[in-house]
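Undergrad:
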Amino acid sequence: MRRSWSAFLCALLILILAAPSWAASLQVEPKRLALGQPALVRLCLPGRPKVVRAELNGREIALAKGTDGCWYGAVAPDLQDKTGGAVVRAKADGKQVAAARIKLFRRDRGARRLKVDPKYLKLSPEALKRYQRDRKKMLAVFGSFTPQSQWHTAFKMPLDSKVVSLFGRRSFINGKERSPHGGIDLRGASGTPVPAAADGTVALVIDAYFSGNTILIDHGRGVITRYLHLSQTVVKPGQKVKKGEIIGKVGATGRVTGPHLDFGVKLAGARVDPQDWVALSRVLSQRLGD
Ligand SMILES: [Zn+2]
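Per this note's numbering, the very first residue in the sequence shown carries number 14; after that it's consecutive.
1. With F276 as the anchor, note down where its beta strand (DSSP E) starts and where it stops.
2. Could you tell me the distance, in whole angstroms, from the CA atom of E68 to the CA atom of S19?
3. According to DSSP, which residues form a beta bridge with G233?
4. Among V177, G82, P171, which residue has its Cα nearest to the Cα of G271?
5. First and last residue of the beta strand (DSSP E) that includes E42?
6. Using DSSP with H/G/I as helix, E/B as strand and the rest coil, what is S34?
7. Quick one: give me the first and last residue of the beta strand (DSSP E) that S244 is part of.
8. Tell me the rounded alpha-carbon separation between T96 and R120.
9. Would you kindly check if the distance between the Cβ of G267 and the Cβ of Y222 is under 8 Å?
10. Enumerate in chain order the residues of its own chain whose CB-to-CB distance from K44 is below 6 Å, with the five nearest sequence positions on each side excluded.
11. So, with DSSP's three-state summary, where would you put V296?
12. Can at least three beta-carbon pairs, one atom from the region 290-302 and one from the region 188-196, be found at a separation below 8 Å?
13. Measure from the alpha carbon of D147 to the alpha carbon of each residue in V64, A52, K169, L229, then state which is nearest.
14. Once DSSP output is grouped into helix, strand and coil, what is the label at S184?
15. Which of the three DSSP states is assigned to D147 in this structure?
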């Protein structure tokens with residue numbers, strides 16, 4: 014009798030110890046995150062949920078099933094979000110299943126001082142109208158969400174050249190502070206072919222007041238890339254492009270001081286550091302077995 018009682022206690026203890034593996038477990042790496050830095054999210058949970066998502070600061074991203082049966086994706090705070098404590102929440106079929114606390118801080122990326130044509134600081138009524146029109150079109154793309162992923166391999170930096178201006182640098186234009194740099198500037202001579210960073214669908218081709226000839230590509234699962242100041246664009250909205258396919262040429266259109274490629278990445282609407290994103294997308298594609 015005593016023996017079966019201790020066997021029962023033993024079984025109970027094993028059950029209690031094993032229980033956490035039945036609940037959802039959420040890992041976010043790294044836990045100290047710079048504004049604009051994407052983090053890898055890993056969620057392991059029982060059952061067969063249909064829609065699994067992760068959320069940070071109100072931005073949601075769909076997770077995809079990895080080769081180990083757990084769910085993977087990335088979340089990122091925007092370049093201008095608040096610093097301090099934040100929470101990553103994981104949801105399965107609309108219900109929160111796990112949460113993880115992280116810390117957000119601002120990286121010091123120095124400052125840049127640019128001198129540009131004063132027409133880019135004091136906009137004429139026509140320029141202002143054009144700028145507002147451009148902005149509306151771009152926001153419509155950034156606000157859209159294609160749940161299916163079109164990228165099955167890691168992202169690639171469009172140019173293999175020197176980064177002449179880092180992501181997140183404070184910008185002083187003609188002496189006035191403006192928004193920090195939301196992309197990275199890659200060195201490139203005018204006319205250098207610009208390839209797509211990953212497979213996707215061209216979402217917008219526009220000659221915008223500030224960013225000149227601009228292309229936005231929607232890669233699905235909340236990832237959008239931007240290519241600014243192009244001298245020429247050779248793709249049309251709605252066109253599917255492959256990673257490495259030429260979409261335009263380096264130029265100096267819009268508010269610039271010389272030819273270069275401004276390359277940017279948005280993740281669920283947050284501006285993220287393209288260099289961090291390229292590195293993280295490599296890890297993600299491994300975990301997803303792409
Ligand atoms: Zn730039």
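We treat Cβ as the ideally placed atom computed from N, Cα and C, and that holds for glycine.
A quick note: this is a predicted structure, and the numbers were derived from the prediction, not measured.
TA: A quick look at the data gives this:
1. The residue you call residue 276 lines up with position 263 of the sequence shown. Start and end: 274-280.
2. Locating residue 68 in the sequence shown gives position 55, counting from the first residue. Locating residue 19 in the sequence shown gives position 6, counting from the first residue. Looking at the two C-alpha atoms, the distance is approximately 45 Å.
3. Position 220 of the sequence shown, counted from the first residue, corresponds to residue 233. In the DSSP output, where bridge partners are listed per residue, G233 has V236.
4. The residue given as residue 271 occupies position 258 in the sequence shown. Checked all of V177, G82, P171; the closest Cα to G271 is V177.
5. As a working note, residue 42 is residue 29 in the sequence shown. Note, E42: beta strand (DSSP E), 38-42.
6. Position 21 of the sequence shown, counting from 1, holds the residue named residue 34. Here S34 scores only 47 on pLDDT, less than 50, and its place in the model should not be relied on; the value that follows carries that caveat. DSSP places S34 in helix when its eight states are reduced to three.
7. Locating residue 244 in the sequence shown gives position 231, counting from the first residue. No beta strand (DSSP E) holds S244; DSSP gives it neither H nor E.
8. Here residue 96 refers to the residue found at position 83 when the sequence shown is read from its first residue. Here residue 120 refers to the residue found at position 107 when the sequence shown is read from its first residue. One C-alpha to the other measures close to 10 Å.
9. As a working note, residue 222 is residue 209 in the sequence shown. As a working note, residue 267 is residue 254 in the sequence shown. Yes, the Cβ-Cβ distance between Y222 and G267 is below 8 Å.
10. For the purposes of this step, residue 44 is identified with residue 31 of the sequence shown, where counting begins at 1. I115.
11. Within the sequence shown, numbered from 1, the residue matching residue 296 stands at position 283. Helix at V296.
12. no
13. As a working mapping, residue 147 is identified with position 134 in the sequence shown. Comparing Cα positions, the closest option is L229.
14. In the sequence shown, the residue the question calls residue 184 occupies position 171. Three-state result, S184: strand.
15. Position 134 of the sequence shown, counted from the start, is the residue given in the question as residue 147. Here D147 sits in helix by DSSP.
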